[in-house]
Every structure is written in C-alpha cells, then in structure tokens.
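Chemist: Below you'll find the structure I mean.
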DNA sequence: AATGACGGTTCAAATAATGAACCTGAAAAC
DNA sequence: GTTTTCAGGTTCATTATTTGAACCGTCATT
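Residue numbers (my numbering), protein chains in the order written: chain V, 15 to 275; chain A, 15 to 275.
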C-alpha cells in the first residue's frame, strides 16, 4: 500500500461516533509508527483535509472535504439524481430507504429517506460506513459484484457487531448464493440490533454494478406481506435508480425479477 | 512537497468548470511525469476519491468526498452554525453574502446566501476556489492573517483574471495596508468582471483567524450609501459569525470598528 | 521530585516514488 | 488502407522520500 492510501485511510477513521482523534489514538488504530502518522496528518492538515482542535490537539476532518463534495455534487449530481426515487419508495413503503455506493472496503450511503408513518423508525447515519458482510447492501454487493471482491471479504476478518452478525465465511458464502438465487439480499440484525434489511443492486453505465438500494425496517414490523411489498418495491426502485444514473439492470437479472413476481 | 500533498493537489484541479480531467491534461496542469500522475490517480481511485468515466477514461471526483463531507458537517456543523447569520445579512442588504474559509492557498466558500431583491444578481459558485490576491475575502485574509502568508502570496505569481486584477505585488501590499487601516478589505472586479466586493475577517477560538465574511454586489449598484451599509453589516456579521463558531474578534480590531462607525 | 502520557522532532537505514522509454489501441491524416 | 499521432497505461533501474527507534519538552498525576 502506497503512502497516499495510508494517508487517505486515516480520513476514514473519522465517523459520527468518532469525530476527533488524537495522535496516540491514531497510532493504535492504524498500526503505524507515531512519527509516520504524525507526518501524514500534518500533510493532510496543510491541505485542509484535517484540522486540529487547538486546545486538545486532536485531529478532525477539515473543510477541504466540503468544497470537494460541493464540486462533485455540482458537476455529477448523483444524490439529486436518485433522491426522487428513494423518496418515492420510502413514501410507498413507509420505511427507511437508502442508496449506498461501493467504496473499496465498504458501502457508503449516498442518500436516504425515511417517511415516517410509524411510531418507531430505524436510525440511519449517512456518514457511516456499512460493512460488506453485515448489511443487506454489502451482501447484495458481494452477490452481484465481482467474484474477486467476494473472495477478498471471505478471506478477511468478519467482525461481530450484534451477536447475530454472520462471522463464519462459509455461512456468508451461503447467504451470497441465496441472494443470487433470490435476486435480492437479506440481512437480519447483522449490523444494528432490531433492524432487518433487504437490498438489491444498482447498475451504472455498461452494466457495471455501482451500489445498492436498500430498505431497513424494525425487525418486529417484518412479516411475509411486508417482505413481499419491499422486494417488489426494490426491484422497481433498482430499475429506476439505475436508469437515473445512466445505467440499466443486466438482462438475466431483470428476467429473473420478472419471473419471480 | 510530499507525495501525499502532490496527490491531494490533484483533487483541487477539479472545479465546476472542469469536472473531468484526462491523464495527459493532468500531466500538463500539475507539471509532473505522466507515470507519477497516473499512479497518484490510481491510488486516489482505489480509495474512492476519484473515479473514471468508463468511456472517455477521464477522471472525476469520487463518492468518497461525499461521505467525508457528511461526517464533517454532522460532527462539526460549521455551515449550519453560520447559515443563519449569513441569511440574515443577505436579507438585510438584499445582496449576495458568503463565508469563506482559508485553505492553504486560497479561500474556500463555506456557505452563501443570496436573497434576491434586485433583478440582477452576482453569480456565486460554492465549489469555486477564491484566489487570495483577487478577491476581497483573500485580501482581508492577507490583511488580518499571518504575515508569512502575505509574504508568500506577494512572492508568488499574481494571475490576471479580468484585466482589472491587481498583479503588481507592491500595489497588492498597498491594498492590504489600506485594508488594515479600514478594518475591512475591498476588491473591485478583481476576480469577476462587474462584481465589487467587501470582506471582513472571521475569528475562531483563541483569536485565530479562520476565514472571512464577504458581500458581493454588481458594480453598478455600488455607491457610498451602499458601501456604508455593507461595512456596517459586515462588522456586525463578523462578530456574530465568529461567535457562532466559538470565537471572537480581537480587542484592537473591535475597538477600531466601533470608533469608525 | 518522580512518573507517565502525550504531542512533536531527529537522523541513519530502508523502502517506496520516480521518469525515460516502451507498449497498445484508437482515431486522424495522408 | 497505410502511416502518423495522440491518448492511456506499463516497466525497471535510478533516486529521493518515507520510515521508525530513540529522544525532547510539556503537562497532569502520584
């Protein structure tokens, strides 16, 4: 791994639950020498990608990412492109819906909508990274994405988040196979307790898979009828979202979806 | 300059007017070997900071910046903190107002508001980088920021954007001195033709300057009365925005402002 | 006064970045 | 339809940068 990747990976350590990180903490997290981490952070700081809390000396994400995000969304408005369909589906189902993009090691939420018609709702953080093996989005990506990715994830460590997370590679592979058979992926409380989710793949230009569309509901609200509605909505939604992004669902998968319903 | 900075600087080449850049183009822009640029882009791509247009092979900003921006704004909501005051001032003046943050080489817009009460309005792109020598925000930063920064800018190349841009270091230094005397910075069509702007500094914790508050108006609408109103609004605004960011205006400057009005 | 935790710095040793030249394919020029 | 040009991408010896153990200064705790 090059120096650039090492530095960029540092940025990914920041999250909603960990907005500021000190040097020593970073050293532990990243398993690198303190001096190395320090230099990387300094260079990131020079470029505005991190900044320092002047009192605690802890590091946090810098304003540079804001400008880049503004450029990206202004010139390649993906969020805007998918938002209408995500809103639609959320309204239709009355549940939380999100589109997430594949990003090397995890799924990264792009947009979510939660039209509240129930008293309880699923908590969703657009700034969070969704693990590949513990979310329906991740499993859908593994099922419909490149075989290499699946192998990489199966070979890696499968962290247990809830006690119900699939941590056995063989079991995960089974789930992936089942997802391919079904045409959608399911995850029962793999990442957050009490949350059940279903996801379908989203494709961009040239039939390239780029992410997933997913619905997450409180597990106690889940039943056969609900599941049927969600799967139907996801299939339509995937078509629409893919189309909005200039892509389309591969022929075989679309046929599979049509036959199933 | 380290490898990390070289790679990160590549990201800054993207803008609203240049959303996609090819390898050869990048080589020219950055004055680096093609192989080097290619490797840097590849590593950025692996981490989702750029992605490739599959047909043209051109590079564009990737989705990773979206997630980081979401984390930043969620955990350190600067935009949200300043938006109310910027909106207020824009409503009060009926003109475009923006807060921009200093970012190593330029000013980076954080938030802007334009309450339209006139037929014409200033075009403003939040994704754009504002040059230090050719905008009121930049000059305010030079005037009230560290002396080192001023020297660095004076020693560098001063690009001419409009034909009215200050390109002579001595003249720029004069403008900076005048700004210090006035307590605010002025720029007449230095970056965009027909746009006149005035800016005041914004301070964070421990009296550290972090950016500027600025008003930009069509030059033909500018007059003594208008200028007086803007300067008054900016002084109040700078106090409010600095306060909202947990900072405060340094004593001497605040006294200077109070005496002037 | 001693201890340890933390951010930051140094310099020789190790490793990764670099760039001239090369490859390949597509499109423009002849 | 052949040649030229230009684009993205790749290779390998050379070169320069990254690296990390040890060190420093500061602050809070014992």
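C-beta: ideal position from N, C-alpha, C; glycine also.
Values in this document were obtained by computation on a predicted structure and should not be read as measured data.
Considering residue 214(V), what are the terminal residues of the beta strand (DSSP E) in which it resides?
Modeler: Looking at the DSSP string, the run of the beta strand (DSSP E) that includes residue 214(V) is 209-217.
Chemist: Of the residues 52(V), 204(V) and 143(V), which one's Cα is nearest the Cα of residue 36(V)?
Modeler: Taking only the C-alpha atoms, the option nearest residue 36(V) is 52(V).
Chemist: Is the beta carbon of residue 67(V) less than 8 Å from the beta carbon of residue 118(A)?
Modeler: No; because the gap between Cβ atoms is not below 8 Å, this pair is not in contact.
Chemist: What are the start and end residues of the beta strand (DSSP E) that includes residue 224(V)?
Modeler: Element bounds for residue 224(V): 223-232.
Chemist: Under 6 Å Cβ to Cβ from residue 134(A), same chain only, skipping five residues before and after it: list those, please.
Modeler: If we look at residue 134(A) and ignore the five residues flanking it on each side, its Cβ neighbours are 232.
Chemist: Can residue 197(V) and residue 267(V) be called in contact, C-beta distance under 8 Å?
Modeler: Contact: yes.
Chemist: Report yes if the C-beta distance between residue 110(A) and residue 258(A) is below 8 Å; otherwise report no.
Modeler: No, the pair does not count as a contact, with Cβ atoms beyond the cut-off.
Chemist: At the level of alpha carbons, what is the spacing between residue 47(V) and residue 178(A)?
Modeler: Cα-Cα distance, rounded: 50 Å.
Chemist: Mind checking if residue 44(V) is an interface residue toward chain A, Cβ cutoff 8 Å exclusive?
Modeler: No, no contact with chain A.
Chemist: Helix, strand or coil: which one does DSSP assign to residue 192(V)?
Modeler: The answer is helix: DSSP assigns residue 192(V) an H, G or I state.
Chemist: List, in chain order, every chain V residue whose beta-carbon is nearer than 9 Å to that of residue 160(A).
Modeler: Under the 9 Å cutoff, chain V gives no residues; its nearest Cβ is about 14 Å from residue 160(A).
Chemist: Tell me where the alpha helix (DSSP H) around residue 54(V) begins and ends.
Modeler: Unbroken alpha helix (DSSP H) run through residue 54(V): 48-60.
Chemist: Listed from N- to C-terminal order along the chain, which residues in the segment 51-63 of chain A have their beta-carbon within a distance smaller than 8 Å of any beta-carbon of chain V?
Modeler: Within the segment 51-63 of chain A, the residues whose Cβ lies closer than 8 Å to some Cβ of chain V are 53, 54, 57, 58, 60, 61, 62 and 63, listed in chain order.
Chemist: Give the straight-line distance between the Cα atoms of residue 190(A) and residue 116(A), rounded to the nearest whole angstrom.
Modeler: When rounded, the distance between both Cα atoms is 16 Å.
Chemist: Against chain A, with Cβ distances strictly below 8 Å, would residue 220(V) count as a contact?
Modeler: It does: the Cβ of residue 220(V) has a partner Cβ on chain A nearer than 8 Å.
Chemist: According to the Cβ coordinates, are residue 205(A) and residue 148(A) closer than 8 Å?
Modeler: Taking 8 Å as the Cβ cut-off, residue 205(A) and residue 148(A) qualify as a contacting pair.
Chemist: In the DSSP output, what is residue 29(V) paired with across the bridge?
Modeler: DSSP lists 32(V) as partners of residue 29(V).
Chemist: Please report the straight-line C-alpha distance between residue 123(A) and residue 249(A), rounded to a whole angstrom.
Modeler: Residue 123(A) and residue 249(A): Cα-Cα distance of roughly 19 Å.
Chemist: Does the distance from the C-beta atom of residue 159(A) to that of residue 263(A) stay below 8 Å?
Modeler: In this structure, residue 263(A) does not lie closer than 8 Å to residue 159(A) by Cβ.
Chemist: Measuring alpha carbon to alpha carbon, tell me which of 213(V), 29(V), 81(V) and 165(V) ends up nearest residue 113(A).
Modeler: Measuring from the Cα of residue 113(A), the nearest candidate turns out to be 81(V).
Chemist: Alpha carbon to alpha carbon, how far is residue 125(A) from residue 150(A)? Give it in angstroms, no decimals.
Modeler: Roughly 16 Å separates the two Cα atoms.
Chemist: What does DSSP give as the partner residues of residue 121(A) in its beta bridges?
Modeler: For residue 121(A), which the question treats as bridged, DSSP gives the partners 116(A) and 144(A).
Chemist: What do you reckon, are the CB atoms on residue 99(V) and residue 251(V) nearer than 8 Å?
Modeler: Yes, they are a contact pair.
Chemist: Note the first and the last residue of the continuous alpha helix (DSSP H) segment covering residue 173(V).
Modeler: Neither: residue 173(V) is in no alpha helix (DSSP H) and is coded neither H nor E.
Chemist: I believe residue 235(A) touches residue 132(A) by the beta-carbon criterion, under 8 Å. Please report the beta-carbon distance rounded to the nearest angstrom.
Modeler: Residue 235(A) to residue 132(A), Cβ: 7 Å. Contact.
Chemist: Can you name the residues of chain V whose CB is closer than 7 Å to the CB of residue 211(A)?
Modeler: Result: empty, since nearest Cβ-Cβ is about 19 Å, beyond 7 Å.
Chemist: So the candidates are 44(V), 42(V), 39(V) and 76(V); which of them puts its Cα closest to the Cα of residue 3(V)?
Modeler: The first residue shown for chain V is 15 and the last is 275, placing residue 3(V) beyond what the model contains.
Chemist: Taking DSSP's pairing of strands, which residues face residue 73(A) in a bridge?
Modeler: Note: residue 73(A) sits in a beta bridge opposite 35(A) and 66(A).
Chemist: What do you reckon, are the CB atoms on residue 93(A) and residue 129(A) nearer than 8 Å?
Modeler: Cβ atoms of residue 93(A) and residue 129(A): not closer than 8 Å.
Chemist: Quick check: what's the CA-CA separation for residue 140(V) versus residue 84(A)?
Modeler: Between residue 140(V) and residue 84(A), the C-alpha separation is close to 7 Å.
Chemist: Please classify residue 91(A) as buried or exposed, where buried requires at least 16 neighbouring CB atoms within 10 angstroms.
Modeler: With fewer than 16 Cβ atoms within 10 Å of its Cβ, residue 91(A) is classed as exposed.
Chemist: Could you compute how far the alpha carbon of residue 30(A) sits from the alpha carbon of residue 120(A)?
Modeler: Each residue's Cα considered, the two are about 16 Å apart.
Chemist: Please tell me whether residue 255(V) and residue 227(V) are closer than 8 Å, where the distance is taken between their beta carbons.
Modeler: Cβ atoms of residue 255(V) and residue 227(V): closer than 8 Å.
Chemist: Rounded to the nearest angstrom, what separates residue 40(V) and residue 185(A) at their Cα positions?
Modeler: Distance between the alpha carbons of residue 40(V) and residue 185(A): 46 Å.
Chemist: Against chain V, with Cβ distances strictly below 8 Å, would residue 17(A) count as a contact?
Modeler: Yes, contact with chain V.
Chemist: Measuring CB to CB, does residue 44(V) end up less than 8 Å from residue 25(V)?
Modeler: In this structure, residue 25(V) does not lie closer than 8 Å to residue 44(V) by Cβ.
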